[in-house]
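Asks:
Number of protein chains: 2
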Amino acid sequence: MPHMQKIVECVPNFSEGENPKIINAIFGAAKTVKSVKVFELEHNASHNRMLFTIVGEPKAVLTSVFESIKVATKLIDMNKHKGEHPRIGATDVVPFVPVSNVTMEECVELANKLGKKVGGELGIPVFLYEEAATKPQNQNLADVRKGEYEGLRVKMSSRGGSALGGNKPDFGPSKMHPTAGAIVIGARKYLVAFNVNLNTKDIRIAKQIASKIREKNGGLAAVKALGFEVDGFAQVSMNLVDFDKTNFDQAYRAIEKEIKNYKLKIKNSEIYGMIPLESLVSAVKSTFKADTFTSDQVLEKRLYE
Amino acid sequence: MPHMQKIVECVPNFSEGENPKIINAIFGAAKTVKSVKVFELEHNASHNRMLFTIVGEPKAVLTSVFESIKVATKLIDMNKHKGEHPRIGATDVVPFVPVSNVTMEECVELANKLGKKVGGELGIPVFLYEEAATKPQNQNLADVRKGEYEGLRVKMSSRGGSALGGNKPDFGPSKMHPTAGAIVIGARKYLVAFNVNLNTKDIRIAKQIASKIREKNGGLAAVKALGFEVDGFAQVSMNLVDFDKTNFDQAYRAIEKEIKNYKLKIKNSEIYGMIPLESLVSAVKSTFKADTFTSDQVLEKRLYE
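Chains W and C, in that order, give the protein sequences.
Heads up, the first sequence is in the numbering used here, so the first residue is 1 and it goes up one at a time.
Heads up, the second sequence is in the numbering used here, so the first residue is 1001 and it goes up one at a time.
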């Protein structure tokens, strides 16, 4: 049996989006671990926020993201931070995502290991979220982040340290780190960003279709959808938050069906950013009824087992 | 810019399909090069023939296949070989196939390098075929192999050594190696094996559709197709010999269109054996009009750049 390499993804978000020295120091720290790939650095000045992607074997990814958190802890002072995006710490949120031969349970374990290390060695309170959450109230990131850095700092410094209405951190001290705040660490499924452009400029149609297919309104499972105008065309913009439930081919076909009611057609589609091989394989399998097809038949995958 | 790894495939065929010691010695010799992957060993006693797949960087693949040819030259005596499959040597045919970041020209160059080495160091005559052919008469493998080992041995030992009506080998001596015969080395495109099962037991329909879609009869470019019965269902069995010209999604849609004339449906399909990532990406791109999608967006590919 060939060795099946475990691959995990981590997408840490930091509260710095302007200062190139700080941005590069944090990004560079992650890259000091040679066995991982670090890419897709994005930063936004108005959000005053940056994020990037680390991919590799679980242990190496853990070391890589910890190195970047150490640097962010040193260089970012939350007392001086201003930005449009909600945040509670210098390192704000750190999700682990299973990519290949890794279970969600292993990613939850990684979140716990990192949380323990961050809490113990850096003295920063850690809240576990989504699949790693230890309490229902912490499953949703937005709920954990409610009140943001400023609000949480006040709550957590109150007597008894029972922040967030008794939301004691999972690791680390009960009080905010004086400059780095708190960190939300967790595990979630891979998010596929998929947009479908319609052969019309009428944005209302994109909005109507988005509203019909999104999970919230009883549409496709694990699909978030919005209608936009992009380059003069109406676009249904989707986040597929669990492609095992609804993959991009199913979303495409659902829109193809809806658009017929308007006597319109799909102009084209866009897979945005990175996508795991399994999503492609699964789309090919279902679209062409290739029942026995697996990613082990993909030459490039076999090459690196 | 990340380093783009060059990946080439090589599928050597040897004239031994029974003796496990010889089979394992040849397979094992290819595996002595640690940086390549060697897999998909197949052997067939009635054909008395074996083949396997080597994948990796061009230089390492060349070394790996040469090691296996050396062992085959030592262990196989063509004077004693019997088998149903046409063959002219102990190592019978060696194609190089571009997989990733490699051009056909580079594979032709590899075929020439290997041919020179085999001719010079092992004293075996080498004919270059398909994309590597130096004369039109050697493009088709079946033509080069005409007469097989026994016929070629007689022709090449005749005065003047002008084998095959003046078909002088591209490398090595003009006469057959006394035990290993001759070798055909070349370069070709990746072959995708794709079968479509019809929701009928009527094999005539599979044969009619195969006949209609194959290139020979003016159908799809670079498609070879036959009709079979498999597990009680009619099957259109295809070799897609250049998936840049016709990929599996196009073949599927062509059959889907034809089958409507019979008021039947496709039961399922089968991607047989290995397939390059580019074929999947291209199928997704065209099926979902994902115009800007490239294999660089596939996480697993980026991981190994």
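From the three backbone atoms N, C-alpha and C, an ideal C-beta is built for every residue, glycine too.
(1) Report the CB separation of L128/W from G186/W in whole angstroms; it is logged as a contact under 8 Å.
(2) Determine the chain W residues that contact E989/C at a beta-carbon separation under 8 Å, and present them in chain order.
(3) Would the segment 1168-1187 of chain C and the segment 1116-1123 of chain C be scored as touching if the rule is three or more Cβ pairs under 8 Å?
(4) Could you tell me the boundaries of the beta strand (DSSP E) in which P1095/C lies?
(5) Are the C-beta of P58/W and some C-beta of chain C separated by less than 7 Å?
(6) Applying the 10 Å Cβ sphere with the 16-neighbour rule, what's the burial state of E1300/C?
(7) Let's see if you can read the secondary structure: which residues bound the beta strand (DSSP E) around Y272/W?
(8) Cutting at 6 Å between CB atoms, please list the residues of its own chain near V71/W, excluding the five before and the five after it.
(9) Which chain C residues sit within Cβ distance under 9 Å of D291/W?
(10) Quick check: what's the CA-CA separation for F39/W versus V55/W?
(11) Measuring CB to CB, does Q1139/C end up less than 7 Å from E1148/C?
(12) Find out if the Cβ-Cβ distance for the pair A1206/C, G1227/C is shorter than 7 Å.
(13) Under 7 Å between beta-carbons, which chain W residues line up against S1100/C? List them in chain order, please.
(14) Using the Cα positions of N261/W and R253/W, report the straight-line distance between them to the nearest angstrom.
(15) Per DSSP, what are the beta-bridge partners of A1225/C in this structure?
(16) Can you list, in chain order, the residues of the segment 1235-1250 of chain C whose Cβ is nearer than 8 Å to any Cβ on chain W?
(17) Could you name the residues of chain W that Q1297/C contacts, counting a contact when the two beta carbons are closer than 9 Å?
(18) To the nearest angstrom, report how far apart K189/W and L240/W are at their CA atoms.
(19) Going along chain W in order, which residues have a C-beta closer than 9 Å to the C-beta of I1007/C?
(20) Residues in the same chain with beta-carbon distance under 6 Å from M1/W, minus the five sequence neighbours each way, listed in chain order, please.
(21) Tell me the DSSP secondary structure of M4/W in three-state form.
(22) Does the Cβ-Cβ distance between I266/W and E256/W come in under 7 Å?
(23) Looking only at C-alpha atoms, which of L1198/C, I1124/C, I1203/C and N1195/C sits nearest to K1168/C?
(24) Measuring only between beta-carbons, confirm whether K117/W sits less than 7 Å from chain C.
(25) Is the segment 1057-1066 of chain C touching the segment 1013-1023 of chain C, taking contact as three or more C-beta pairs under 8 Å?
(26) For Y1252/C, return the contacting residues in chain W, with the cut-off set at a CB-CB distance below 7 Å.
(27) Where do the ends of the beta strand (DSSP E) carrying G1056/C lie?
(28) Determine the direct distance from the alpha carbon of V11/W to that of E18/W, and round the result to whole angstroms.
(29) The segment 19-49 of chain W: which residues have C-beta closer than 8 Å to a C-beta of chain C, in chain order?
(30) Measuring CB atoms only, is the segment 1280-1291 of chain C touching the segment 284-292 of chain W, in the sense that at least three cross pairs come out at less than 8 Å?
(31) Judging by CA-CA distance, which residue of V36/W, K155/W and V192/W is the nearest neighbour of S307/W?
(32) Looking only at its own chain, which residues have a Cβ that is under 7 Å from the Cβ of K1212/C, when we skip the five neighbours before and after it?
(33) Assuming contact is defined by CB atoms lying nearer than 7 Å, are A1222/C and G1273/C in contact in what I supplied?
(34) Contact defined as beta carbons within less than 8 Å: I believe S1100/C pairs with I1007/C. What is the distance between those atoms, to the nearest angstrom?
(35) Using CA coordinates, which residue listed in A1090/C, G1089/C, H1047/C and V1108/C is at the minimum distance from F1096/C?
(36) I'd like to confirm the pairing. Which residues does DSSP put opposite E1130/C in its beta bridges?
Replies: Here's the rundown:
(1) G186/W and L128/W do touch by the CB rule: their CB atoms are close to 6 Å apart, below 8 Å.
(2) In the structure as shown, chain C begins at 1001 and stops at 1305. Residue 989/C is therefore absent and cannot be evaluated.
(3) Contact annotation: the segment 1168-1187 of chain C touches the segment 1116-1123 of chain C, with at least three C-beta pairs closer than 8 Å.
(4) Looking at the DSSP string, the run of the beta strand (DSSP E) that includes P1095/C is T1091 to S1100.
(5) Contact of P58/W with chain C is not assigned, every C-beta pair being separated by 7 Å or more.
(6) Buried, since its Cβ has 16 or more Cβ neighbours within 10 Å.
(7) Secondary structure note for Y272/W: its beta strand (DSSP E) is the uninterrupted segment I266 to Y272.
(8) In chain order, A25, I26 and A29 place their CB closer than 6 Å to the CB of V71/W, counting only its own chain and leaving out the 5 sequence neighbours on each side.
(9) For D291/W, the chain C residues whose C-beta falls within less than 9 Å of its own C-beta are N1268, S1269 and E1270, listed in chain order.
(10) Spanning the two alpha carbons is a distance of roughly 8 Å.
(11) No, these two residues do not count as a Cβ contact at 7 Å.
(12) For the pair A1206/C and G1227/C, the CB atoms are nearer than the 7 Å cut-off.
(13) From the beta-carbon of S1100/C, the residues of chain W found nearer than 7 Å are E300.
(14) Between the alpha carbons of N261/W and R253/W lies a gap of roughly 13 Å.
(15) Answer is M1238/C.
(16) For the segment 1235-1250 of chain C, which is checked against every Cβ of chain W, the residues closer than 8 Å are F1248 and D1249.
(17) For Q1297/C, the chain W residues whose C-beta falls within less than 9 Å of its own C-beta are I271, Y272, G273, M274 and I275, listed in chain order.
(18) Cα-Cα distance, rounded: 10 Å.
(19) Around I1007/C, the beta-carbon contacts reaching into chain W at under 9 Å are L299, E300 and L303.
(20) Residue placement at M1/W is poorly supported in this model, since its pLDDT is 34, which falls under 50; the coordinates still yield a value, given next. None.
(21) For M4/W, the three-state secondary structure derived from DSSP is coil.
(22) Yes; because the gap between Cβ atoms is below 7 Å, this pair is in contact.
(23) Closest option to K1168/C, Cα to Cα, is I1124/C.
(24) Output row for K117/W: interface = no.
(25) With a cut-off of 8 Å, the segment 1013-1023 of chain C and the segment 1057-1066 of chain C do not count as touching, because too few Cβ pairs lie within range.
(26) Under the 7 Å cutoff, chain W gives F288.
(27) That run of the beta strand (DSSP E) goes R1049 to G1056.
(28) Their Cα atoms are separated by approximately 19 Å.
(29) Identification of residues in the segment 19-49 of chain W having a C-beta nearer than 8 Å to some C-beta of chain C yields K37 and F39, given in sequence order.
(30) At 8 Å Cβ cutoff, the stretches touch.
(31) Residue 307/W lies beyond the range of chain W shown here (1 to 305); nothing can be said about it.
(32) Excluding sequence neighbours, K1212/C sits near G1219 and E1258.
(33) Cβ distance not < 7 Å, so A1222/C and G1273/C don't count as in contact.
(34) About 4 Å; that satisfies the 8 Å criterion.
(35) Nearest of A1090/C, G1089/C, H1047/C and V1108/C to F1096/C, Cα basis: V1108/C.
(36) E1130/C pairs with A1187/C.
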